[in-house]
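Engineer: Those protein sequences? They're chains A and B, same order as listed. Mapping the first sequence onto my numbering, position 95 (from 1) lands on 95, and the numbers just tick up by one. Mapping the second sequence onto my numbering, position 104 (from 1) lands on 1104, and the numbers just tick up by one. Each residue gets a CB set at the ideal place from its N, CA and C atoms; glycine is no exception. Got a structure for you, questions after.
There are 2 protein chains.
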Amino acid sequence: MVKINENFLKLPGNYLFSEIAKKVNAFQNAHPQSRLIRLGIGDVTLPIAPAIIEAMHKAVDEMGKKESFHGYAPDLGYEFLRSAIAKNDYEKRGCDISEDEIFVSDGAKSDSGNIQEIFGLENRIAVCDPVYPVYVDTNVMAGRTGSYSKETEQWSDVIYLPCSAQNHFVPELPKETPDLIYLCFPNNPTGSAITKEQLQTWVDYANKMGSVIIYDAAYEAYITEENVPHSIYECQGARTCAIELRSFSKNAGFTGVRLGYTVIPKDLVRGGASLHSLWARRHGTKYNGAPYIIQRAGQAVYTEEGQTQVKEQIHYYMRNAKVILEGVKSAGFQATGGVNAPYIWLKTPDQMNSWEFFDYLLQKANVVGTPGSGFGPGGEGYFRLTAFGTYENTVEAVERIKNL
Amino acid sequence: MVKINENFLKLPGNYLFSEIAKKVNAFQNAHPQSRLIRLGIGDVTLPIAPAIIEAMHKAVDEMGKKESFHGYAPDLGYEFLRSAIAKNDYEKRGCDISEDEIFVSDGAKSDSGNIQEIFGLENRIAVCDPVYPVYVDTNVMAGRTGSYSKETEQWSDVIYLPCSAQNHFVPELPKETPDLIYLCFPNNPTGSAITKEQLQTWVDYANKMGSVIIYDAAYEAYITEENVPHSIYECQGARTCAIELRSFSKNAGFTGVRLGYTVIPKDLVRGGASLHSLWARRHGTKYNGAPYIIQRAGQAVYTEEGQTQVKEQIHYYMRNAKVILEGVKSAGFQATGGVNAPYIWLKTPDQMNSWEFFDYLLQKANVVGTPGSGFGPGGEGYFRLTAFGTYENTVEAVERIKNL
């Protein structure tokens, strides 16, 4: 008789977005006249930039002709894309990362879920609280997290790194030593950034302890401040302790196009084994490469034309972020984020909890956001607004919030 | 200190295709004049059919316009694709599979590697010998296979199902009871097919034992004979014991386009848990959907025009298969496959082992194939030729083999 993976049954239901949808539908049925504005969504809304569209058309044509057809892709990804990444995302920032340390994939969600496979089950993980749920859930599925307490909403074997207004949403070094440390900066959901000095502290700590940092830099394109690192490899010694995850979803609008990459330096060795080799074996065994057409789309992001166009999109979203941040602050809310990230993290007013504020905003302003408690107990009393709407809707939503 | 997943270190090196490349390069350097023909490759060579190219161009245009842009895809895949699959691949064959039992993915390799995650580590797997290496290697990585013997080239905890000329390359029920049974028909590498009655025996066995069959039907488009099932769901009772993996790689040439799907019937329950729900959770947590453009490409495969065009491609490859099969037989070789699959499985002559025959064919006929021993010890003394070359090259390669 086959046995299922019992770890899956430990996962609490993931009701955040379905609960939101349910409440929104109920409201709309009760108030068919009201015009809802959604600032809760983490998906982009601007279309793919023209330079990228053109590159995809060209690649589609290539696939239709015998002489330019492409079958199975190379395991790590096409050289044309990996070299563009190495040059633009690393060399230009003074980071020592070579193209054969880059593994092209279908996105940072897959990579952030799969990366734990190359590590033993006995490792202890550390995550920020609040946190992007994929880091925890994939370790639950693997059996690394112990038991779940409904009361604390925490796992017995996970080390939580509290992120609150007190530490400006940047975690401090933990008392217990973790083996695997998940960090995401600029952060989802809090929109906070980490300075180069702060990140250097983590890199030094990981090197000292023999830990590995899994650094999710999916939102690096939104960084506007000088002293905020775009890559963990801007820090000294990161090549011996850090894996970096990158995405094309938010910097070029690829949420429905699907492309990302993982960097594992060849200097990253644990227990005598090269993590680069382990991931190469994992990649080669369970994955067959991102589509040729999509890899050509990724390459187009790095052309001069592509860079100009995607930067315009980022500016568009960051103008929204500014409107939200300044608007809610002038309305008397405490809020952070929105300067180096497309997320604004709001303290709920009047002791409301996250879901109470969700209901309040929905009912009174007809604006939809995301309750902070959906990202972990540390998110309770907070609320996430995103900059991915249209400018007009964003302005109107903020006006409504101001008039509450 | 972080610990690596030690199971990865148990994997013997995967030298098959790199060893082939090394030998081929050495030969070419020594004989720059000779014209090699490659019949070893498992990749397709015909370009993507016009109806599919057109659909991709249209989808690319949609992604470039605000009003038709598509962000994150639905977890299971777009309804337009799942309904086309349900109708064409199942309803038309009398199989009771609904569209919400279909999970769209980036290909059967990923799915066949990932599917083991929803099962406990204590399960025993059974695989055919010879076998597509991904089934075994992904279970090695998970820690389900015990220890490896260099002598037997087998894992202590894996149940091997020998497939040889004696049983026409269709495995018999094993003496020990496996929990997870991997079956691939039409088979890679042997090119053999299974009859509906033979497959029914396996379905009945799995239902009786509580086992689950993971049925890889990636090559179903090549079936030409009447009594060979295209889907395991043509068998009575398969809904309570079988998961089916399908690919667009070989039926529509998507090796570089990347699309596949997995079917898990809602009736498939083990230990009180729905395997459909477990896979949905896995899919939703670690994957973000196949690209919109690629899902539109998949939909185009099922249009009338698309079907006519991809069937022409299959006929082209199967004409090659016929040329190879009849050619090598008339040259005195024992060979099977090639009737319901694009692979021809050759018995090496004169007690040569697989690699000796590889060298012989390379040196004497300048033809490259794949040594059967690369697919497991049961493949020793066999050799795989594939039908994915051009017709002209295939005819010439067979002429050369005949003239040996």
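(1) CA-CA distance, Gly1376 of chain B and Val1131 of chain B?
(2) From Arg82 of chain A to Ile102 of chain A, what distance separates their C-alpha atoms?
(3) For the region 86-116 of chain A, which residues have a CB atom closer than 7 Å to at least one CB atom of chain B, in sequence order?
(4) Could you work out which residue in A:Glu67, A:Val44, A:His57 is closest to Thr1408 of chain B when comparing CA atoms only?
(5) Which term fits Gln1351 of chain B, buried or exposed, when burial requires 16 or more other beta carbons within 10 angstroms of its beta carbon?
(6) Given that a residue counts as buried once 16 or more other Cβ atoms are within 10 Å of its Cβ, and exposed if not, what is Ser147 of chain A?
(7) May I ask you to report which of helix, strand or coil DSSP gives Ile1232 of chain B?
(8) Does Asp75 of chain A come out as helix, strand or coil in the three-state DSSP assignment?
(9) Is it buried or exposed, Leu404 of chain A, if we count other Cβ atoms within 10 angstroms and call 16 or more buried?
(10) Ser147 of chain A CB to nearest chain B CB: under 8 Å?
(11) Starting from Gly1379 of chain B, trace the beta strand (DSSP E) both ways and give me its first and last residue.
(12) Can you name, in chain order, every residue of its own chain whose Cβ lies under 7 Å from the Cβ of Asp129 of chain A, other than the five neighbours on each side?
(13) Which residues, taken in chain order from the region 62-84 of chain A, show a beta carbon closer than 9 Å to some beta carbon of chain B?
(14) Use the C-beta contact count for Asn405 of chain A: other C-beta atoms within 10 angstroms, 16 or more gives buried, fewer gives exposed.
(15) So, for Lys1432 of chain B: in the same chain, excluding its five sequence neighbours on each side, which residues have a beta-carbon less than 8 Å away from its beta-carbon?
(16) Alpha carbon to alpha carbon, how far is Trp155 of chain A from Ser274 of chain A? Give it in angstroms, no decimals.
(17) In whole angstroms, what separates the C-alpha of Gln116 of chain A from that of Cys235 of chain A?
(18) For Leu1016 of chain B, I'd like the list of residues in its chain whose CB is within less than 6 Å of its CB, leaving aside the five on either flank, ordered along the chain.
(19) Who are the Cβ neighbours of Gly107 of chain A in its own chain at under 7 Å, not counting the five residues just before and after it?
(20) Counting only C-beta atoms, is Pro1047 of chain B closer than 8 Å to chain A at any point?
(21) How is Ile1223 of chain B classed by DSSP in three states: helix, strand or coil?
(22) Listing by chain order, which chain B residues have their CB less than 7 Å from the CB of Thr138 of chain A?
(23) Is it the case that the Cβ atoms of Ile324 of chain A and Thr394 of chain A are separated by a distance below 8 Å?
(24) Does chain B have any CB closer than 8 Å to the CB of Lys175 of chain A?
(25) What does Gly120 of chain A touch in chain B if you count any residue whose Cβ is under 7 Å from its own?
(26) Do you know how far the Cα of Arg1384 of chain B is from the Cα of Gly1272 of chain B?
(27) With DSSP as the reference, label Ile1264 of chain B as helix, strand or coil.
(28) Pull up the distance between the alpha-carbon of Ile344 of chain A and that of Leu39 of chain A, whole angstroms please.
(29) Gln334 of chain A: buried (16+ other C-beta within 10 angstroms of its C-beta) or exposed?
(30) Suppose you measure from the CA of Pro342 of chain A to the CA of Tyr215 of chain A; what does that come to, to the nearest Å?
(31) Under a CB-based cut-off of 8 Å, is Ile53 of chain A close to chain B?
(32) Determine which residues of the region 349-382 of chain A have a Cβ less than 9 Å from any Cβ of chain B, and write them out in chain order.
(33) Quick one: list the residues of chain A neighbouring Asp1179 of chain B, beta-carbon separation under 8 Å, in chain order.
(34) For a contact meaning CB atoms closer than 7 Å, what does Val134 of chain A contact in chain B?
(35) When DSSP labels each residue in this structure, what does Gln1154 of chain B get in the three-state scheme?
(36) Which residues of chain A have a Cβ atom closer than 8 Å to the Cβ of Asn1123 of chain B, listed in chain order?
Structural biologist: Put simply:
(1) The count along the second sequence starts at 1 and reaches residue 1376 of chain B at position 376. The count along the second sequence starts at 1 and reaches residue 1131 of chain B at position 131. Taking the straight line from one Cα to the other gives about 6 Å.
(2) Translated into the one-based positions of the first sequence, residue 82 of chain A becomes position 82. Translated into the one-based positions of the first sequence, residue 102 of chain A becomes position 102. So the two alpha carbons sit approximately 6 Å from each other.
(3) Cβ contacts with chain B come from Asp106, Gly107, Lys109, Ser110, Gly113, Asn114.
(4) In the structure as shown, chain B begins at 1001 and stops at 1404. Residue 1408 of chain B is therefore absent and cannot be evaluated.
(5) One-based indexing of the second sequence puts residue 1351 of chain B at position 351. Exposed, since its Cβ has fewer than 16 Cβ neighbours within 10 Å.
(6) Here residue 147 of chain A refers to the residue found at position 147 when the first sequence is read from its first residue. Answer is exposed; the Cβ neighbour count stays below 16.
(7) On the second sequence, residue 1232 of chain B is found 232 positions in, with the first residue counted as 1. In the three-state reduction of the DSSP assignment, Ile1232 of chain B falls in the helix class, which pools H, G and I.
(8) On the first sequence, position 75 is the one that residue 75 of chain A refers to. Coil at Asp75 of chain A, not helix or strand.
(9) In the first sequence, the residue the question calls residue 404 of chain A occupies position 404. Leu404 of chain A is exposed by the Cβ-count criterion.
(10) What you label residue 147 of chain A is simply residue 147 of the first sequence in a count that begins at 1. So, not an interface residue.
(11) For this step, residue 1379 of chain B is matched to residue 379 along the second sequence. Note, Gly1379 of chain B: premise wrong, no beta strand (DSSP E); not H, not E.
(12) Numbered from its first residue, the first sequence carries residue 129 of chain A at position 129. The residues Tyr160, Leu161, Pro162, Cys163, Gly376, Pro377, Gly378, in chain order, have a CB closer than 7 Å to that of Asp129 of chain A in the same chain once the five nearest residues on each side in sequence are set aside.
(13) Listed in sequence order: Glu62, Met63, Gly64, Lys65, Lys66, Glu67, Ser68, Phe69, His70, Gly71, Tyr72, Ala73.
(14) As displayed, chain A neither begins before 1 nor continues past 404, which places residue 405 of chain A out of reach and without an answer.
(15) As shown, chain B starts at 1001 and ends at 1404. That puts residue 1432 of chain B outside it, with no answer to give.
(16) Your numbering for residue 274 of chain A matches position 274 in the first sequence. Your numbering for residue 155 of chain A matches position 155 in the first sequence. Rounded to the nearest angstrom, the two C-alpha atoms are 30 Å apart.
(17) Residue numbering aside, residue 116 of chain A sits at position 116 when the first sequence is read from its first letter. Residue numbering aside, residue 235 of chain A sits at position 235 when the first sequence is read from its first letter. Going by the C-alpha atoms only, they are around 23 Å apart.
(18) Numbered from its first residue, the second sequence carries residue 1016 of chain B at position 16. Correct list, in chain order: Gly1374.
(19) Residue 107 of chain A sits at position 107 when you count from the first residue of the first sequence. The beta carbon of Gly107 of chain A sits closer than 7 Å to those of Ser247, Ser249, Arg258, Leu259, Gly260, all from its chain and outside the five residues before and after it, given in chain order.
(20) Along the second sequence, one-based indexing puts residue 1047 of chain B at 47. Output row for Pro1047 of chain B: interface = yes.
(21) Numbered from 1 along the second sequence, position 223 holds the residue referred to as residue 1223 of chain B. In this structure, DSSP gives Ile1223 of chain B a state outside helix and strand, which the three-state scheme calls coil.
(22) What you label residue 138 of chain A is simply residue 138 of the first sequence in a count that begins at 1. Within 7 Å Cβ-Cβ: Thr1285, Lys1286.
(23) Here residue 324 of chain A refers to the residue found at position 324 when the first sequence is read from its first residue. Here residue 394 of chain A refers to the residue found at position 394 when the first sequence is read from its first residue. Yes. Within cutoff.
(24) The residue you call residue 175 of chain A lines up with position 175 of the first sequence. It does not; no Cβ of chain B falls within 8 Å.
(25) For the purposes of this step, residue 120 of chain A is taken as the residue at position 120 of the first sequence. Those within 7 Å of Gly120 of chain A in chain B are Lys1003, Ile1004, Asn1005, Glu1006.
(26) Stepping through the second sequence from its first residue, residue 1272 of chain B is reached at position 272. Stepping through the second sequence from its first residue, residue 1384 of chain B is reached at position 384. When rounded, the distance between both Cα atoms is 43 Å.
(27) Within the second sequence, the letter at position 264 stands for residue 1264 of chain B. Here Ile1264 of chain B sits in coil by DSSP.
(28) One-based indexing of the first sequence puts residue 344 of chain A at position 344. One-based indexing of the first sequence puts residue 39 of chain A at position 39. Rounded to whole angstroms, the gap between the alpha carbons of Ile344 of chain A and Leu39 of chain A is 10 Å.
(29) Within the first sequence, residue 334 of chain A is the residue found at index 334, counting from 1. With fewer than 16 other beta carbons inside 10 angstroms of its own, Gln334 of chain A counts as exposed.
(30) The sequence position of residue 342 of chain A within the first sequence is 342, counting from 1. The sequence position of residue 215 of chain A within the first sequence is 215, counting from 1. Distance between the alpha carbons of Pro342 of chain A and Tyr215 of chain A is about 18 Å.
(31) Position 53 of the first sequence holds residue 53 of chain A. By this cut-off, Ile53 of chain A is an interface position.
(32) Residues are counted here when their Cβ sits less than 9 Å from a Cβ of chain B; for the region 349-382 of chain A the count is zero.
(33) Here residue 1179 of chain B refers to the residue found at position 179 when the second sequence is read from its first residue. Result: Met1, Val2, Lys3.
(34) Taking the first residue of the first sequence as position 1, residue 134 of chain A is located at position 134. Result: Thr1285.
(35) As a first step, residue 1154 of chain B must be located in the second sequence, where it is residue number 154. The three-state reading of DSSP puts Gln1154 of chain B in strand, counting E and B together.
(36) In the second sequence, counting from the first residue as 1, residue 1123 of chain B sits at position 123. Correct list: Val2, Lys3.
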